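Positions in the sequence shown are counted from 1; adding 111 to them yields the working numbering.
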Amino acid sequence: MSKIGILENSSYLSKAPNRLGMFQYRQVAASIVCFWLLACDGPNATIDASAANRGSHNDDGFQVSFKVNNGASITSELLVALQFSAVGADEIYISQESTCNTGGTWEPYKVFKQWTLQKTNEVNFFYLKLRSGSHVSDCHFASIEHDATIPTFQLVSPANNSTLVNPNLLSLAGTCSEDSVITIVINSVATTTSSCTGGVWSKGIDMTLLVSGNFSVQIKATDFVANNSDVQNFTFTK
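Structure below.
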(Lines of atoms letter the chains of each structure in order from A and count residues from 1; the text may use other names and numbers.)
(Lines give C-alpha, C1' and ligand atoms only; values in the text may rest on other atoms or scores of the structure.)
Protein backbone atom coordinates (compact mmCIF):
# COMPACT_ATOMS: atom_id res chain seq x y z
CA MET A 1 0.00 0.00 0.00
CA SER A 2 1.37 3.41 -0.86
CA LYS A 3 2.18 6.05 1.70
CA ILE A 4 -0.66 8.11 0.34
CA GLY A 5 -3.19 5.28 0.71
CA ILE A 6 -2.21 4.60 4.31
CA LEU A 7 -2.42 8.22 5.40
CA GLU A 8 -5.65 8.76 3.53
CA ASN A 9 -7.24 5.79 5.31
CA SER A 10 -6.00 6.76 8.76
CA SER A 11 -7.30 10.28 8.28
CA TYR A 12 -10.75 8.99 7.39
CA LEU A 13 -10.96 6.23 9.96
CA SER A 14 -9.90 8.42 12.87
CA LYS A 15 -12.76 10.73 12.06
CA ALA A 16 -15.44 8.21 11.16
CA PRO A 17 -18.83 9.89 10.70
CA ASN A 18 -22.11 9.05 12.35
CA ARG A 19 -24.33 11.20 10.13
CA LEU A 20 -24.25 11.72 6.39
CA GLY A 21 -23.60 15.42 6.57
CA MET A 22 -20.53 14.99 8.78
CA PHE A 23 -19.20 12.29 6.49
CA GLN A 24 -19.18 14.60 3.48
CA TYR A 25 -17.16 17.21 5.36
CA ARG A 26 -14.59 14.76 6.70
CA GLN A 27 -14.17 13.07 3.37
CA VAL A 28 -13.07 16.38 1.87
CA ALA A 29 -10.64 16.82 4.74
CA ALA A 30 -9.10 13.44 3.89
CA SER A 31 -8.68 14.45 0.27
CA ILE A 32 -6.85 17.62 1.32
CA VAL A 33 -4.36 15.52 3.27
CA CYS A 34 -3.75 13.31 0.26
CA PHE A 35 -3.20 16.16 -2.17
CA TRP A 36 -0.76 17.75 0.31
CA LEU A 37 1.15 14.48 0.33
CA LEU A 38 1.26 14.50 -3.45
CA ALA A 39 3.10 17.77 -3.34
CA CYS A 40 5.55 16.39 -0.76
CA ASP A 41 6.21 13.03 -2.41
CA GLY A 42 6.95 14.42 -5.83
CA PRO A 43 5.74 13.61 -9.36
CA ASN A 44 5.82 9.82 -8.93
CA ALA A 45 3.05 9.82 -6.30
CA THR A 46 -0.48 8.94 -7.51
CA ILE A 47 -3.96 8.90 -6.06
CA ASP A 48 -7.30 7.63 -7.35
CA ALA A 49 -9.35 10.78 -6.70
CA SER A 50 -12.69 9.30 -7.75
CA ALA A 51 -12.19 6.34 -5.45
CA ALA A 52 -11.15 8.55 -2.56
CA ASN A 53 -14.34 10.53 -2.99
CA ARG A 54 -16.47 7.50 -2.30
CA GLY A 55 -14.26 6.33 0.57
CA SER A 56 -13.54 2.98 -1.05
CA HIS A 57 -10.57 2.63 -3.34
CA ASN A 58 -9.32 -0.31 -5.35
CA ASP A 59 -5.58 0.32 -5.59
CA ASP A 60 -5.26 -2.87 -3.51
CA GLY A 61 -6.27 -4.95 -6.55
CA PHE A 62 -9.40 -6.59 -5.12
CA GLN A 63 -11.78 -4.44 -7.23
CA VAL A 64 -14.32 -4.28 -4.44
CA SER A 65 -18.00 -3.48 -4.78
CA PHE A 66 -19.88 -3.21 -1.47
CA LYS A 67 -23.61 -2.48 -1.12
CA VAL A 68 -26.27 -2.58 1.58
CA ASN A 69 -29.77 -3.61 0.46
CA ASN A 70 -28.65 -3.34 -3.15
CA GLY A 71 -27.58 0.28 -2.72
CA ALA A 72 -30.69 1.60 -0.94
CA SER A 73 -30.13 4.73 1.14
CA ILE A 74 -32.80 4.07 3.81
CA THR A 75 -34.75 1.20 5.37
CA SER A 76 -37.36 0.69 8.07
CA GLU A 77 -36.08 -2.83 8.87
CA LEU A 78 -33.23 -3.74 11.22
CA LEU A 79 -32.28 -6.82 9.18
CA VAL A 80 -30.38 -5.84 6.03
CA ALA A 81 -28.52 -7.62 3.24
CA LEU A 82 -24.83 -6.92 2.66
CA GLN A 83 -23.67 -7.65 -0.89
CA PHE A 84 -20.05 -7.99 -1.98
CA SER A 85 -18.08 -8.42 -5.16
CA ALA A 86 -14.28 -8.77 -5.25
CA VAL A 87 -11.52 -10.33 -7.32
CA GLY A 88 -9.15 -12.84 -5.72
CA ALA A 89 -10.41 -12.57 -2.15
CA ASP A 90 -10.27 -15.62 0.12
CA GLU A 91 -11.47 -14.07 3.38
CA ILE A 92 -13.72 -11.20 4.41
CA TYR A 93 -13.89 -9.03 7.54
CA ILE A 94 -17.01 -6.97 8.32
CA SER A 95 -17.62 -4.59 11.19
CA GLN A 96 -19.63 -1.54 12.18
CA GLU A 97 -16.60 -0.19 14.04
CA SER A 98 -14.80 2.62 12.20
CA THR A 99 -11.35 1.35 13.19
CA CYS A 100 -11.92 -1.43 10.64
CA ASN A 101 -10.03 -3.93 12.82
CA THR A 102 -12.39 -4.47 15.77
CA GLY A 103 -15.95 -5.72 16.03
CA GLY A 104 -15.64 -8.40 13.34
CA THR A 105 -13.93 -11.69 12.54
CA TRP A 106 -12.20 -13.03 9.46
CA GLU A 107 -14.41 -15.55 7.67
CA PRO A 108 -14.46 -17.26 4.26
CA TYR A 109 -15.26 -14.85 1.44
CA LYS A 110 -18.90 -14.72 0.41
CA VAL A 111 -21.03 -12.52 -1.83
CA PHE A 112 -23.96 -12.12 0.58
CA LYS A 113 -24.47 -11.77 4.32
CA GLN A 114 -27.46 -10.84 6.45
CA TRP A 115 -26.80 -8.29 9.18
CA THR A 116 -28.80 -6.78 12.03
CA LEU A 117 -28.23 -3.04 12.31
CA GLN A 118 -26.65 -1.84 15.56
CA LYS A 119 -28.20 1.64 15.52
CA THR A 120 -31.88 2.49 15.24
CA ASN A 121 -33.23 5.62 13.57
CA GLU A 122 -29.84 6.85 12.40
CA VAL A 123 -27.21 6.15 9.76
CA ASN A 124 -25.37 2.83 10.07
CA PHE A 125 -21.89 2.50 8.56
CA PHE A 126 -20.27 -0.79 7.58
CA TYR A 127 -16.52 -1.35 7.21
CA LEU A 128 -15.04 -4.12 5.09
CA LYS A 129 -11.60 -5.64 4.53
CA LEU A 130 -10.59 -8.55 2.29
CA ARG A 131 -7.63 -10.87 2.52
CA SER A 132 -5.78 -13.26 0.24
CA GLY A 133 -2.83 -14.87 1.99
CA SER A 134 -0.82 -12.02 3.51
CA HIS A 135 -2.38 -9.45 1.16
CA VAL A 136 -4.99 -7.38 3.02
CA SER A 137 -7.18 -4.80 1.31
CA ASP A 138 -7.79 -1.22 2.27
CA CYS A 139 -10.86 -0.50 4.40
CA HIS A 140 -13.99 -0.11 2.27
CA PHE A 141 -17.29 1.15 3.58
CA ALA A 142 -21.00 1.48 2.83
CA SER A 143 -23.93 2.90 4.76
CA ILE A 144 -27.69 2.86 5.12
CA GLU A 145 -30.05 4.92 7.26
CA HIS A 146 -32.54 3.18 9.52
CA ASP A 147 -35.91 4.90 10.00
CA ALA A 148 -38.63 3.22 12.04
CA THR A 149 -40.16 6.46 13.31
CA ILE A 150 -43.94 6.42 12.95
CA PRO A 151 -45.24 9.52 11.14
CA THR A 152 -47.96 11.59 12.76
CA PHE A 153 -50.53 13.96 11.27
CA GLN A 154 -53.35 16.26 12.29
CA LEU A 155 -56.54 17.31 10.55
CA VAL A 156 -56.76 21.05 11.11
CA SER A 157 -59.98 21.67 9.20
CA PRO A 158 -62.84 21.04 9.04
CA ALA A 159 -63.57 20.26 12.67
CA ASN A 160 -64.74 16.75 13.45
CA ASN A 161 -68.55 16.33 13.53
CA SER A 162 -69.07 19.57 11.59
CA THR A 163 -71.36 20.27 8.63
CA LEU A 164 -69.78 21.03 5.26
CA VAL A 165 -69.93 24.70 4.31
CA ASN A 166 -70.22 23.65 0.65
CA PRO A 167 -72.22 20.39 0.64
CA ASN A 168 -70.61 19.29 -2.61
CA LEU A 169 -66.98 19.80 -1.55
CA LEU A 170 -64.99 18.31 1.32
CA SER A 171 -61.94 20.54 1.81
CA LEU A 172 -59.42 18.91 4.12
CA ALA A 173 -56.27 20.59 5.44
CA GLY A 174 -53.74 19.43 8.00
CA THR A 175 -50.16 19.04 9.18
CA CYS A 176 -47.68 16.17 9.45
CA SER A 177 -44.46 15.33 11.30
CA GLU A 178 -42.53 14.33 8.15
CA ASP A 179 -43.00 14.08 4.39
CA SER A 180 -45.56 11.37 3.79
CA VAL A 181 -48.54 10.20 1.80
CA ILE A 182 -51.92 10.96 3.37
CA THR A 183 -54.54 8.31 2.57
CA ILE A 184 -58.19 9.34 2.86
CA VAL A 185 -61.09 6.85 2.77
CA ILE A 186 -64.72 7.99 2.50
CA ASN A 187 -67.35 5.68 4.04
CA SER A 188 -64.79 2.83 4.00
CA VAL A 189 -65.14 2.64 0.19
CA ALA A 190 -63.77 5.55 -1.84
CA THR A 191 -60.03 6.13 -1.43
CA THR A 192 -57.88 9.10 -2.43
CA THR A 193 -54.49 10.46 -1.40
CA SER A 194 -52.64 13.68 -0.75
CA SER A 195 -48.93 14.47 -0.31
CA CYS A 196 -47.75 16.07 2.89
CA THR A 197 -44.59 18.08 2.19
CA GLY A 198 -42.98 20.72 4.32
CA GLY A 199 -45.28 19.78 7.19
CA VAL A 200 -48.61 20.61 5.53
CA TRP A 201 -51.18 18.86 3.34
CA SER A 202 -54.58 19.57 1.81
CA LYS A 203 -57.15 17.82 -0.33
CA GLY A 204 -60.43 18.84 -2.00
CA ILE A 205 -62.88 15.99 -2.64
CA ASP A 206 -65.97 16.27 -4.84
CA MET A 207 -68.99 15.13 -2.80
CA THR A 208 -71.64 15.75 -5.47
CA LEU A 209 -72.62 12.08 -5.78
CA LEU A 210 -72.79 11.47 -2.03
CA VAL A 211 -76.30 11.49 -0.55
CA SER A 212 -77.10 14.02 2.17
CA GLY A 213 -76.48 13.02 5.77
CA ASN A 214 -73.55 11.86 7.88
CA PHE A 215 -70.52 10.22 6.33
CA SER A 216 -67.25 8.86 7.74
CA VAL A 217 -63.67 9.68 6.83
CA GLN A 218 -60.62 7.60 7.77
CA ILE A 219 -57.16 9.16 7.41
CA LYS A 220 -53.62 7.84 7.90
CA ALA A 221 -50.07 8.90 7.01
CA THR A 222 -47.40 6.69 5.42
CA ASP A 223 -43.77 7.79 5.14
CA PHE A 224 -41.34 6.89 2.35
CA VAL A 225 -40.16 3.66 4.01
CA ALA A 226 -43.73 2.45 4.66
CA ASN A 227 -44.02 3.39 8.34
CA ASN A 228 -47.75 3.95 8.98
CA SER A 229 -49.47 6.24 11.46
CA ASP A 230 -52.54 5.16 13.36
CA VAL A 231 -55.81 5.57 11.42
CA GLN A 232 -57.91 8.49 12.65
CA ASN A 233 -61.69 8.48 12.20
CA PHE A 234 -63.85 11.54 11.53
CA THR A 235 -67.52 12.16 10.86
CA PHE A 236 -68.99 15.02 8.83
CA THR A 237 -72.45 15.98 7.62
CA LYS A 238 -73.42 16.87 4.07
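Glycine included, each C-beta is placed from N, C-alpha and C at the ideal position.
Just so it is clear, the structure is predicted and the values come from calculations on it, not from any experiment.
Here threonine 231 has Leu189, His257, Ala259 as same chain residues with Cβ atoms under 8 Å from its own Cβ, once five neighbours each way along the sequence are excluded. Valine 267 is a Cβ neighbour of alanine 284, given a cutoff of 8 Å. Residue pairing by DSSP puts asparagine 235 in a beta bridge opposite Ile255.
In the DSSP annotation of this structure, the continuous segment of the beta strand (DSSP E) that includes leucine 193 starts and ends at 190-196. Look at the beta carbons and you see the region 184-203 touching the region 215-226: at least three pairs across the two are nearer than 8 Å.
Between the C-alpha atoms of glycine 244 and serine 187 there is a straight-line separation of about 38 Å. When the beta-carbon positions are compared, serine 323 and alanine 332 stay at least 8 Å from each other. In its chain, beyond the 5 residues on either side, Pro262, Thr263 have a beta carbon closer than 6 Å to the beta carbon of serine 288. Within the DSSP secondary-structure output, phenylalanine 335 pairs in no beta bridge.
Pairing valine 311 with threonine 286, the inter-Cα distance amounts to about 4 Å. With contacts defined by Cβ atoms closer than 8 Å, isoleucine 297 and serine 305 do not form a contacting pair. In the DSSP assignment, serine 299 falls outside any beta strand (DSSP E), carrying neither H nor E.
About 5 Å separates the Cβ atoms of alanine 253 and phenylalanine 177, confirming a contact at the 8 Å cut-off.
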